[in-house]
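Engineer:
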Amino acid sequence: MTNHNWNIYPLVLGEADVSKVLDTFWSLSREKTMVTVPILAWLLVPTFKETPILVDTGFRDANRCQDVHGLGPHRTKPEWSLHAQLKNHGLTVEEVRTVILTHLHYDHAGGCAEFPNAKFIIQRTELQAAAAPMVSKKLDFGGQALFYDRKDIADLVDPLWPQVQLIEGDHEVAPGVKCILFENTHTPGSQAVYVETEFGTAVILGDIARNVELNISQGIPPGLFYDLESTYRAMIRIKNEADIVLPCHDYEVVKKYGNGLKEGKF
Ligand SMILES: [Zn+2]
92 MTNHNWNIYP
102 LVLGEADVSK
112 VLDTFWSLSR
122 EKTMVTVPIL
132 AWLLVPTFKE
142 TPILVDTGFR
152 DANRCQDVHG
162 LGPHRTKPEW
172 SLHAQLKNHG
182 LTVEEVRTVI
192 LTHLHYDHAG
202 GCAEFPNAKF
212 IIQRTELQAA
222 AAPMVSKKLD
232 FGGQALFYDR
242 KDIADLVDPL
252 WPQVQLIEGD
262 HEVAPGVKCI
272 LFENTHTPGS
282 QAVYVETEFG
292 TAVILGDIAR
302 NVELNISQGI
312 PPGLFYDLES
322 TYRAMIRIKN
332 EADIVLPCHD
342 YEVVKKYGNG
352 LKEGKF
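Per the working numbering, residue 92 is the first one in the sequence shown, and the count goes up by one each step.
1) Just to be sure I understand the criterion: a residue counts if its Cβ is closer than 5 angstroms to at least one heavy atom of ligand 1. Which residues meet that?
2) Look at the Cβ atom of S281, then the Cβ atom of F273, and state whether they are nearer than 7 angstroms.
3) Using the Cα positions of N350 and G181, report the straight-line distance between them to the nearest angstrom.
4) Provide the residue span of the beta strand (DSSP E) that contains H262, from first to last.
5) Would you kindly work out how many angstroms separate the C-alpha atoms of D334 and D249, rounded to a whole number?
6) By the three-class DSSP mapping on this structure, what secondary structure does C339 have?
7) Using the C-alpha atoms, what's the distance from P207 back to G163?
8) So does the segment 142 to 153 actually touch the segment 114 to 134, counting three or more Cβ pairs closer than 8 angstroms?
9) Among A236, Q309 and T193, which has the Cα closest to the Cα of I271?
10) Say whether the segment 186 to 201 touches the segment 282 to 301, bearing in mind that this needs 3 or more beta-carbon pairs closer than 8 angstroms, one atom from each stretch.
11) Based on DSSP bridge pairs, tell me the residues matched to D98.
12) Taking L352 as the reference, which of E170, V294 and P312 has the closest Cα?
13) If you count every other CB in all the chains shown that lies within 10 Å of the CB of K269, and 16 or more means buried, which is it?
14) Contact between the segment 246 to 265 and the segment 307 to 319: three or more CB pairs below 8 angstroms?
15) Who are E106's beta bridge partners in DSSP?
16) Between the beta-carbon of D243 and the beta-carbon of A300, is there less than 7 angstroms?
17) Name the DSSP bridge partner or partners of L145?
18) What are the complete beta strand (DSSP E) segments, minimum 3 residues, inside the segment 216 to 303?
19) Since F211 sits in a beta bridge, which residues does DSSP pair it with?
20) Could you please give the first and the last residue of the uninterrupted alpha helix (DSSP H) stretch that includes A153?
21) Looking at the structure shown, is H196 part of a helix, part of a strand, or coil, going by DSSP?
22) Roughly how far, in whole angstroms, is the beta-carbon of N179 from the beta-carbon of T138, given that I think they are within contact range, below 8 angstroms?
23) Give the range of the alpha helix (DSSP H) segment to which K178 is assigned.
24) Could you have a look at F316 and say whether DSSP puts it in helix, strand or coil?
25) In whole angstroms, what separates the C-alpha of N96 from that of I144?
26) With a 10 Å radius around its C-beta and 16 neighbouring C-beta atoms as the bar for buried, classify T124 as buried or exposed.
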């Protein structure tokens, strides 16, 4: 059988101070502290003849996270830029041909304009929801658009539209890399990325779950979800199908997997 294993590396594209209550269902956690979390993307590097794949692109601008989205401090620095993080792996933004977007929130889809030669793989329902989110404009956070940044979404609709590849449901992007739709979990068209590795199937979550122990191991949904039952089912399915679980806002995975995956159940 052909080996379609990939290496996976977290790319730190920024960080944010957020409330820990986001980790837990209905935000009813007794934990009220603030925590500093990374904004991660993931680089998939094939061990066979194939081109690398990037999952997510970070946020556009730290000031917009506060001014437009009404959130707490977001930080960036030169070594956290997409250019610098890709350079650590010998890649340029021009060389990236495939970008999978787990969902289109401001902290995952803000860097797309940096990739002149990439196609962007997005669930159709996610772009639809992002373009016309159902939200009260009185809500004083989320940029009047449930954390979809209007500039990012406008870019995807045009001028980046020729680079957008909309998919509907599960989709094999390359041998060993699949997008799996988990509709109405964190967002209407959130997708996880299932990646074959030498340690088994790694699942890049987007924000379908935030805290692996609480959300996946214990099956307690995270604080932010679109539909509760879909989210419960996603927690159970991912626990059953994943050997390694990779969330996008947890410094523990950077510590553990900064130099690549290691063996071990999550
Ligand atoms: Zn996020």
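Just so you know, even glycine gets a beta-carbon here, dropped at the ideal spot from N, CA and C.
Structural biologist: Inspection of the coordinates gives the following:
1) D198 and D298
2) yes
3) 14 angstroms
4) Its beta strand (DSSP E) spans residues H262 to A265.
5) Each residue's CA atom was taken as its position, placing D334 and D249 some 38 angstroms apart.
6) coil
7) 31 angstroms
8) yes
9) T193
10) Yes, they touch.
11) Before going on, a small fix: residue 98 reads as Asn here, not Asp. Paired residue(s): V136.
12) V294
13) buried
14) no
15) P129 and R166
16) no
17) L134 and V190
18) 255 to 258, 262 to 265, 268 to 272, 282 to 288 and 291 to 295
19) V190 and V255
20) That run of the alpha helix (DSSP H) goes A153 to D158.
21) strand
22) N179 to T138, Cβ: 18 angstroms. No contact.
23) L173 to K178
24) coil
25) In this structure, the straight-line span from the alpha carbon of N96 to that of I144 is close to 13 angstroms.
26) exposed
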